[in-house]
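Below you'll find the structure, written out as structure tokens, and then a few comments.
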Amino acid sequence: MSNDTCPIAASAGIVTILPGAELRFFPEFLTVGETGVLFDELCNTLTWTQHQVCMFGREMAAPRLSCWIGDPQCSYRYSGQLHTPQPWPEVLRVLRVRIEEVTAKRFNSVLANLYRDGADSIGWHADNESELGLEPSIASLSLGAARRFCLRHRHDPAYYAEWWLTDGSLLYMAGGTQAHYRHTLPKTRKPVGPRINLSFRWIFPSGQEISTFHISTDQQ
Ligand SMILES: O=C(O)CCC(=O)C(=O)O
Ligand SMILES: [Mn+2]
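Residues in the sequence shown are numbered from 1 upward in steps of one, following my numbering.
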């Protein structure tokens, strides 16, 4: 058993079958009562920052706010920048345990994104940085406004899926999903309220996981 595996039986959720991917969706992982309180607390207490990202070969402000949280050793390099983690707020420690129970995986970090309105988004990319290991398991919890999330195969567009990530839903991506697919949360012209996404991850301390070299042309 690797150190990111939790010794508890996983729940199935709604499984999407795509070659090489492992995808499970839990539409009502949290209740509406829970999500409202959590949304307000995270919105008001996390240190939200607009990171710089590389898009179309140019440095620009990311179209969303973010906060990187985790155990002290969990520094994470993405979009060319090294992010040192903020400590876990108590609400996210509690949530992490519930997510570990349903996924049977362990998580030592979480990337929080705040999409202020429909103009905020994340472009096509895969979460395939070397610190995430060869087959990253990512549990992605959504709070607030529902947004469309799309996933497509790197080479064959016929292999495609999308979900409405509604308030309180959890999308679990594992196995070869990040190696073979990219995902995006597109902009929308429809009026939408704010949304928070929490993607729980396992960061391998450097040297602990043999990783491949990732060629990244992703636009974030
Ligand atoms: O907001 C989402 O649902 C996706 C976020 C995402 O893919 C990321 O932060 O890597
Ligand atoms: Mn992602």
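No residue lacks a Cβ here, since even glycine has one placed at the ideal position from N, Cα and C.
By the CB criterion at 9 angstroms, L141 and L198 fall inside the cutoff. In the three-state DSSP reduction, E59 falls in the strand class (E or B). The closest CA to that of E41, considering only A158, A112 and E131, is found on A112. For T184, no alpha helix (DSSP H) run applies; the uninterrupted beta strand (DSSP E) run containing it begins and ends at Y181 to L185, by DSSP.
When the beta-carbon positions are compared, W68 and S121 stay at least 9 angstroms from each other. Within the region 131–205, the runs of alpha helix (DSSP H) that reach at least 4 residues and sit entirely inside it are, in chain order, 177–180. I122 carries a strand assignment under DSSP once its states are collapsed to helix, strand and coil. Residues of the same chain with a CB within less than 8 angstroms of the CB of R77, apart from the 5 flanking positions on each side, are H83, E129 and E131 in chain order. For C74, there is no enclosing beta strand (DSSP E), since its DSSP letter is neither H nor E. When distances are taken from the beta-carbon of S109 to the heavy atoms of ligand 1, even the shortest one reaches 8 angstroms or more. Within the DSSP bridge table, the entry for A112 names C67 and L198 as partners. When DSSP reads this structure, C54 sits in a beta bridge with E59. Listed as beta-bridge partners of L46 by DSSP are no residues whatsoever. The beta carbons of G144 and K190 sit no closer together than 9 angstroms.
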